[in-house]
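Numbering (my numbering), first residue to last: 59 to 291. We put the CB at the ideal spot given by N, CA and C, even for glycine. Note that the coordinates shown come from a computational prediction; the quantities given were computed from them, not determined experimentally. Written below as structure tokens is the structure these notes are about.
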Amino acid sequence: MSQTLTLLRLQQTDSRMDAIRSRLETIRLTLENDRNLVRARAQAEATEAGLKSAEKALRAAEAEVEGQRIKIEQSENSLYSGKVRNPKELQDLQNEVASLKRYLVTLEDRQLEAMLKHEEADENHQASLAHLSQVRSQVATQSASLTAENDSLAVENDRLVSERQAIASALDTRTLTLYEDLRSARRGRAVAEVSDGACEACGTNLTPAQQQAAKSGSQISYCSTCGRILYAS
Ligand SMILES: [Zn+2]
């Protein structure tokens with residue numbers, strides 16, 4: 059195998075390992091912190107709090123109505139007990155009952171309003187619980203496939219590590235260092251193939267002499283624009 063072909067193989071192996079590393083990181087983050095699940099959980103908590111406060115408001119409104127009914131009953135009892143005979147006092151009592159009854163209507167309206175709000179809060183909470191359970195099952199399905207992908211990528215990566223070792227052993231230390239330096243300086247890509255007379259990495263057109271030099275492979279030739287090692291088949 060020519061030196062440049064060996065370098066190309068090394069580059070292909072490294073690029074694949076880079077892609078695997080990046081995908082494994084994405085999978086790790088996805089499994090750790092599924093955004094939809096976090097959001098659905100927060101929504102369910104918020105609607106639960108809303109329901110609790112609506113319940114509290116409804117109980118309070120019911121107690122007020124109940125309290126007002128007791129007051130009315132007590133006033134009516136005094137009114138019809140026959141114990142109060144003074145016309146002025148009787149009139150006052152009648153006025154009081156009438157006023158208590160008027161306010162009861164207001165309190166009953168408030169109770170009805172509280173009931174409607176409670177019903178709405180309950181519906182919201184039920185809907186958010188249903189959504190949460192739907193997202194949970196989606197995440198479980200997704201997790202299973204991501205875990206499987208994670209495992210198969212890890213196996214592939216192990217295989218590539220030994221393949222890379224075998225490829226790199228065919229190169230001398232100086233060439234290997236040159237490759238590594240170029241790779242870190244050129245965003246992971248040190249070797250570019252010549253395709254249709256141009257450098258595949260940067261698109262620069264190469265002269266026939268440059269193409270021929272890349273093809274011979276006896277000496278390493280570089281793209282004059284991006285500086286990458288050229289390989290031509
Ligand atoms: Zn180039």
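Closer than 8 Å: residue i CB and nearest ligand 1 heavy atom
i, result
"Thr-62", "no"
"Glu-241", "Sequence inspection shows Arg at residue 241; the Glu mentioned does not correspond to that position. Flag unset: Cβ of Arg-241 not near ligand 1."
Residue i (DSSP reduced to helix, strand or coil)
i, result
"Glu-251", "strand"
"Ala-256", "strand"
N-terminal and C-terminal residue of the alpha helix (DSSP H) that residue i is part of
i, result
"Leu-288", "No alpha helix (DSSP H) contains Leu-288, which is instead part of the beta strand (DSSP E) from 287-289."
"Thr-265", "Note, Thr-265: premise wrong, no alpha helix (DSSP H); not H, not E."
"Val-142", "No alpha helix (DSSP H) holds Val-142; DSSP gives it neither H nor E."
"Asp-72", "61-90"
"Leu-240", "231-243"
C-alpha distance - residue i paired with residue j, whole-angstrom precision
i, j, result
"Thr-62", "Cys-257", "14 Å"
"Ser-60", "Gly-275", "6 Å"
"Ser-279", "Val-219", "27 Å"
"Glu-134", "Val-155", "7 Å"
"Ser-139", "Leu-151", "12 Å"
"Leu-174", "Ile-85", "45 Å"
"Asp-167", "Ala-119", "9 Å"
"Asn-144", "Leu-137", "11 Å"
"Gln-192", "Arg-99", "11 Å"
Chain-ordered list of residues that sit, by beta carbon, closer than 7 Å to a heavy atom of ligand 1: Ala-250, Cys-257, Ala-259, Cys-260, Thr-262, Cys-281, Thr-283, Cys-284, Arg-286
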